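Worksheet: the structure to be examined is printed underneath.
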Amino acid sequence: MEARKHNEGEANSLLEVSDLSIGINRSDGVLPLTDRVSFHLNQGEVLGLIGESGCGKSITSLAIMGMLPEPGGTLLNGKVQFMGQDIFSLSEAGLNQLRGQKISMIFQEPFAAMNPLIRIGDQMLEVFEYHPVDFDKYQKIKDLLDEVGLTDHNRILQSYPHELSGGMLQRIMIAMSLLLDPDLLIADEPTTALDVTVQAQIMNLIVRLKKERKMSVLLISHNISLMAQYTDRICVMYAGQIVESNHTESFLEQPNHPYSNGLMHAIPTLDKQERKIISIPGQVPEPGKHNQGCRFKSRCIHATDLCLSDPPEKTMAKEGRYRCHY
Amino acid sequence: MSLLKDSFLETPVIEVRNLRTWFPVKQGLWGKTSHYIKAVDGVSLRVSPGEIVALVGESGCGKSTLGNSLAGLLPIHEGELFYQGNPALRKNRLQRSVFQNKVQVIFQDPYSCLNPKHTVYEILSFPLLYHKICKRAEVKDMIASLLQQVGMPPDYMNRYPHSFSGGQRQRISIARAIGMKPDLMICDEIVSSLDVSIQAQMVELLLELRKELGLALLFIAHDLSLVKTLSDRLYVMYLGKIVESGGTEEVLSHPRHPYTRALIEAVPTLDRNKPPVILEGEVPSFSNMPVGCSFQNRCPHRSDQCQQMPGMIEKQGREVRCFHPVEK
Amino acid sequence: MAVFSKLSQDRFRRFRRIKRAWYSLLILSALFILSLFSELICNDKPYVLSYQDRLYFPIFQFYPEKEFGGKYLTEADYVSLRESSDFKDGKNWMILPPIPHNPLHSYIDLPGTPPHPPSARHLLGTDSSARDVFARLLYGFRICMLFSLILAAISTLFGILIGGVQGYFGGVVDMVMQRLIEIWSSLPFLYVVILVGTIYSRSFMILILVLSLFQWIGLSYYMRGEFLKIRNLNYVKVAKTMGMSNSHILFRQILPNGLTPVITLLPFQIIGGIGALTALDFLGFGLQPPTPSWGELLSQGLNHLFAPWLAISTVVCLFTTLLLATFIGEGVREAFDPRASTN
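Protein sequences, first through last, are from chains C, S and R. Following my numbering, the numbering of the first sequence begins with 4 at its first residue and continues without gaps. Following my numbering, the numbering of the second sequence begins with 6 at its first residue and continues without gaps. Following my numbering, the numbering of the third sequence begins with 80 at its first residue and continues without gaps.
Below, the structure written as structure tokens:
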């Protein structure tokens, strides 16, 4: 592997993922799911991780918390460093200390993330069960509900999840994730299940909270417009690899990897004048079924023989890095 | 779009007038109906031959209920429904025989729409043989041609659904529908659960099918950007009612109803200089609807007049249900 | 159609990996198939017999006494023939099955009073009517298994039909049928069996018929649930919107997907059948004597506690069979566990 150069100050790096390769142990061998994923996240920054289903972004995000896929997930290579600590060297107790307190996560389906039989208030209190604190928990819960825009405290705390709407539940999830003042918030498709008007509200909320708390956010999504609006830097994932990584503004001006380019053109947006969208032909190859060479070759319009045989290593071009021969 | 003018002259493939699908809420000892959930409350729309009409709205606005009602899966409370000019409702029950299988429905979830125990061949052949669309000897060829039309190789017919991705399964559902040679396909959020790049492929497929087969589509969706690439005309739904309709490009570039405008402005775009505009408030629940215009609690233009339900104002092929439509 | 879809294959493969269940299935099936050929394993008639240089096959064909020098036209008594001088001197010979005993033949000439303890001739001794215990166990096993398999088949059929109709149509149909089933299931089946057995003869078929009147109820609850669940799935809705008839939807769309409870319950239905028959025979309300039956042997064992080989051998057989079937049942249940699915 080529030596990685760090243009930004390494000291600012809150989260550092290096060559992360995760696989699943199966009876017929090991199935690799991610391949040498590397990125870093600085303090106070919003990093977007974009890719379609099956590209490995969710697995990567869980790995950051030290969670590997069940059953049979293994760390094949690489490491994750959070605030200087190697995640995978921590014990279960150490990881539990980290989760919720330093790193927090919100998921796609707010309904599925909550226990339908327990009232909201009780679920929020559960967060404190493993993380003893010395401040007034109840006040903190109420303060956070205010912060996320839910002022009718009593009604909400007494309700069961099914009595509230998706937007409200997602706000509650955000509040829950902030109860212990984490340094990093991982948001895995937080608005995919929500309506577009609610999405705008929730994303706005996340960005505002980030600014107020100087928190970092890892935003995972398949929606490139969302990335464009809310992220500082962006990493594109395809078939288990990072294929491009850049500052968002530069990325939007000039996406370097053919897949990124394809994504931009395949997604309809309201502000484009032309009606036609150009789809990316073919499908994502299944994990474990990549031949040597570039993983995108079967769908790339620029593919050549070189792409068939040689896997492209990342080429450095200014601040952007992308995995392509061209 | 040129289709807009022609459509008013031809008999629409399907026309809905003042459709109401109300769900009774029974309370009390004897289960008396205390009130109704008016999921679809007085919806009128039409689809002309070969036209692609989109019905958009956010979750809970009633668009799926409307789709299900048109499919005959839900009882209709009131209203009229015409297929090719023929009434299709009798005593508020859908008479499917009027459709003669020319109106097909495709649902959202590709993973539950195909019977996991049937091969693709069986899935496609059952309706073909049952409705005697073709003879047993011709079925295999017919299925091969259907699969090709949706962009799948014919030898997929021996496989089971589980070996296909979401997008491929939707194609199989579409193949099943077009086997009936329909005039109209009602697509109820069929691409919402697919990957974005696959969504683009599906849109291409639908456009091609329209071109080849002269198929009309009623495309129910919540993604405005997708609808822009696909449909000729657009209906916007909010809390059980149509609030705006017209040609897609026109409505999206010059929305007249405040809700439509809010919806458009809330969609994130690639332009970092234009952040999405927040629409405050929440959608009122069906059991707690405001008196008068259903959008008043969130509308920046509301006035006292809005305490009455606004009627539909129609002008040059565009309809708006508002007392203060947004001027250009 | 897809009984062997990939999902079924996965489940089968998972079942095979559960060694205990797989081997139990192999062993039980092997034993059952073996018992189907009981007449060839355990019989007092020889396979082949040579008399005066002519070959005879008594197991497969009827030969009267007269053939072998007897007086009458009734079937030859091969047991006494074996002992007679004709065969002792080596000119005529017969080849006997490994266990040369018949479950119905009483060896009254044996010294001592029945039940006789195990000996070289009678591996497990004889019962209180001097019949060979091993033979009775083997033939009894066959009857037991056949009974419960047929019973399971019939009650499965009814369970699917009735539960399916309930689940699919729902509403009033479901409610009315459910009440009827509740009334029906409150009937004490034992009394009904006794009554029917007394009025009509207590034959194999009558017993199956009566027991199957009650056994289907359990399965129908499960099938009702499955059908209720499946009819709301999208592919059923699609079939409806495409105008398919109710019978098509029931039989071709829903049924192939609703068979899980049938398969998971089957081993336990068989256990239930074996248990029911054994219990009835034990009480004397089951199959008519002298039909070989485990229940009857058990009751003999109870009455002759000083002849422990009766009770012990039957209990061991019963225990083993039920244990094997239970292992199979557990294995099936685990193989069908949706949580274990990798999808």
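Virtual Cβ for every residue (Gly too), placed ideally from N, Cα, C. A quick note: this is a predicted structure, and the numbers were derived from the prediction, not measured.
Is any non-hydrogen atom of the ligand GDP found closer than 7 Å to the C-beta of residue i, if you look at the structure I gave you?
i               : result
E154 of chain R : Among the components of this structure there are no ligands whatsoever, and the ligand GDP is therefore not found.
Please state the DSSP three-state secondary structure of residue i.
i               : result
T277 of chain R : helix
W27 of chain S  : strand
D188 of chain S : coil
Y157 of chain R : helix
M302 of chain R : helix
Q321 of chain S : coil
H40 of chain S  : strand
G170 of chain C : helix
W172 of chain R : strand
I203 of chain S : helix
R51 of chain S  : strand
P132 of chain S : helix
R95 of chain S  : strand
S282 of chain R : coil
A196 of chain C : coil
C298 of chain S : coil
I187 of chain R : coil
D184 of chain C : coil
N80 of chain C  : strand
L134 of chain R : strand
When you compare the CB positions of residue i and residue j, do they come within less than 8 Å of one another, or not?
i               : j               : result
A221 of chain S : G55 of chain S  : yes
G374 of chain R : L401 of chain R : no
G26 of chain C  : T77 of chain C  : yes
L223 of chain S : T272 of chain C : no
P143 of chain R : W388 of chain R : no
L312 of chain R : S117 of chain S : yes
A34 of chain R  : I349 of chain R : It is not possible to answer for residue 34 of chain R, since the shown part of chain R is limited to 80 through 422.
V49 of chain C  : D184 of chain C : no
T393 of chain R : L381 of chain R : no
P164 of chain C : P119 of chain C : yes
V201 of chain S : E112 of chain C : no
A358 of chain R : R93 of chain R  : no
L147 of chain C : L182 of chain C : yes
G51 of chain C  : T195 of chain C : no
Closer than 6 Å by C-beta to residue i: which residues in its own chain qualify, once you throw out the five before and the five after it? Chain order, please.
i               : result
I273 of chain R : F364
H9 of chain C   : Caution applies to H9 of chain C, whose pLDDT of 42 falls short of 50 and renders its modelled position unreliable; the value that the coordinates give is listed next. The answer is none, since no qualifying residue turns up.
A76 of chain S  : V110
W295 of chain R : S234, F237 and G238
L99 of chain S  : G77
G174 of chain R : Reading off the sequence, residue 174 of chain R comes out as Ile, not Gly. Contacts found: P125, Y126 and V127.
Let me check one thing: in DSSP terms, what residues is residue i bridge-paired to?
i               : result
M108 of chain C : C:I189
R236 of chain C : C:L50 and C:H250
V255 of chain R : According to DSSP, V255 of chain R bridges with nothing at all.
I223 of chain C : C:L52 and C:D191
M242 of chain S : S:I247
H383 of chain R : Per DSSP, none; premise fails for H383 of chain R.
D211 of chain R : R:T205
N45 of chain C  : C:S16
D193 of chain S : S:I225
S423 of chain R : With chain R running from 80 to 422 in the structure shown, residue 423 of chain R is simply not present.
Who are the near neighbours of residue i in its chain, counting only those whose CB is closer than 7 Å to its CB and skipping five residues on each side?
i               : result
N302 of chain S : G286, P289 and P295
S130 of chain S : V144 and I148
A404 of chain R : L107, P346, I349 and I350
L151 of chain S : L129, A180, I183 and G184
P315 of chain S : C298, R326, C327 and F328
V315 of chain R : I309, I328, Q332 and I333
L133 of chain S : C139, V144, M147 and G184
I'd like to know whether the C-beta of residue i is nearer than 8 Å to at least one C-beta of chain B.
i               : result
T320 of chain R : The chain inventory of the structure shown lacks chain B, comprising the protein chains C, S and R.
For residue i, which residues of its own chain have a beta-carbon under 8 Å away from its beta-carbon, when the five flanking residues on both sides are left out?
i               : result
D114 of chain S : S198
T153 of chain R : P143 and E144
Q367 of chain R : S280, R281 and S282
(message) I'd like to know if the stretch 186 to 204 of chain R and the stretch 247 to 259 of chain R are in contact, where contact means that at least 3 CB-CB pairs between them fall below 8 Å.
(response) no
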